[in-house]
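Protein chains in written order, with this note's numbering: chain A, 1 to 114; chain B, 115 to 229.
The beta carbon of each residue, even a glycine, is placed where N, CA and C say it ideally should be.
What follows is a set of notes on a single structure, which appears directly below.
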Amino acid sequence: GAGVSQSPSNKVTEKGKDVELRCDPISGHTALYWYRQSLGQGLEFLIYFQGNSAPDKSGLPSDRFSAERTGGSVSTLTIQRTQQEDSAVYLCASSTPGQPYEQYFGPGTRLTVT
Amino acid sequence: AQSVTQLDSHVSVSEGTPVLLRCNYSSSYSPSLFWYVQHPNKGLQLLLKYTSAATLVKGINGFEAEFKKSETSFHLTKPSAHMSDAAEYFCVVSPQDTGRRALTFGSGTRLQVQP
């Protein structure tokens with residue numbers, strides 16, 4: 001079946017602009033996660049959704065970062081007033097209720113802030 | 115808090131020879147452990163998982179890993195490397211708090227396979 005999809009695959013933006021990254025999880029997966037992969041920091045957890053609520057937002061690095069999920073499906077990660085240190089690959093993953101740690105990842109969105 | 119250490123940032127092997135990617139974990143509980151693989155410009159793919167059943171876990175593409183509690187290790191092995199195995203491999207541990215879902219990733223090991 002279809003895996004996790006993310007769009008866009010690449011995004012180049014100017015410093016100070018806002019960006020939106022989209023994630024479409026595997027059908028039937030109620031949990032959705034956002035991670036960030038950068039050269040200096042490795043892979044870091046950002047936020048976790050169960051349904052439309054976010055029980056764990058502990059990884060969001062600043063209040064410029066926010067995320068929402070609607071209809072228990074698609075999620076959008078928004079970064080306001082982007083900074084160069086936001087440049088990274090943003091990965092989305094999803095999992096079923098019975099296997100919360102077996103997370104299936106999308107191909108990622110490569111964000112470059114110039 | 116849990117942590118995971120991948121002992122080698124780069125490993126180079128010849129095609130047809132065995133692969134060993136080393137991982138040690140630290141936790142005060144019995145974690146779930148995973149290996150993920152990431153091919154260039156691709157997403158992360160789950161290779162295998164350990165969830166307190168059999169200590170020797172078999173995964174996809176001929177990979178396997180052995181959970182050794184006494185050594186707090188979860189090394190990934192493959193008897194014979196193939197060119198297509200060249201990728202980055204991540205050892206991953208589940209969170210201690212079962213209410214949380216954030217996986218902790220190791221820093222990664224880049225596997226190079228020489229012809």
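Run through chain A and tell me which residues come within less than 7 Å of residue 221 of chain B, C-beta to C-beta. 42
Chain B contacts made by the stretch 40-73 of chain A, where a contact means CB separation under 7 Å: 42, 43, 45, 48, 56, 59
For residue 26 of chain A, the three-state DSSP class (helix, strand or coil): coil
Would you say residue 4 of chain A faces chain B, with C-beta separation under 9 Å as the test? yes
What does the alpha-carbon distance come out to for the pair residue 174 of chain B and residue 161 of chain B? 6 Å
Straight-line CA distance for residue 61 of chain A to residue 46 of chain A? 8 Å
Spatial distance of residue 140 of chain B from residue 186 of chain B (CA atoms): 7 Å
Show which residues of chain A have a CB atom less than 7 Å away from the CB atom of residue 163 of chain B. 102
Considering only their Cβ atoms, is the gap separating residue 82 of chain A from residue 64 of chain A smaller than 9 Å? yes
Check the DSSP bridge columns for residue 47 of chain A and list the partner residues they point to. A:34
Would you mind working out which of B:123, B:199, B:159, B:128 sits nearest residue 108 of chain A, comparing C-alpha positions? B:159
Go through its chain and collect everything with a Cβ distance to residue 130 of chain B's Cβ below 7 Å, but skip five positions before and after it. 194, 195
Give a yes or no on whether the minimum CB-CB distance between residue 155 of chain B and chain A is below 9 Å. yes
Taking the alpha-carbon positions, what's the residue 225 of chain B to residue 43 of chain A distance? 18 Å
The stretch 196-210 of chain B touching the stretch 14-26 of chain A, judged by at least three CB pairs closer than 8 Å: no
Residue from A:55, A:92, A:41 whose Cα sits closest to the Cα of residue 221 of chain B: A:41
Mind listing the chain B neighbours of residue 90 of chain A? Cutoff is C-beta to C-beta under 8 Å, in chain order. Residues of chain B passing the Cβ test: none, with the nearest at roughly 11 Å.
Quick one: give me the first and last residue of the beta strand (DSSP E) that residue 189 of chain B is part of. 187-192
Output, in chain order, the set of chain A residues within a Cβ distance shorter than 9 Å of residue 208 of chain B. 100, 101
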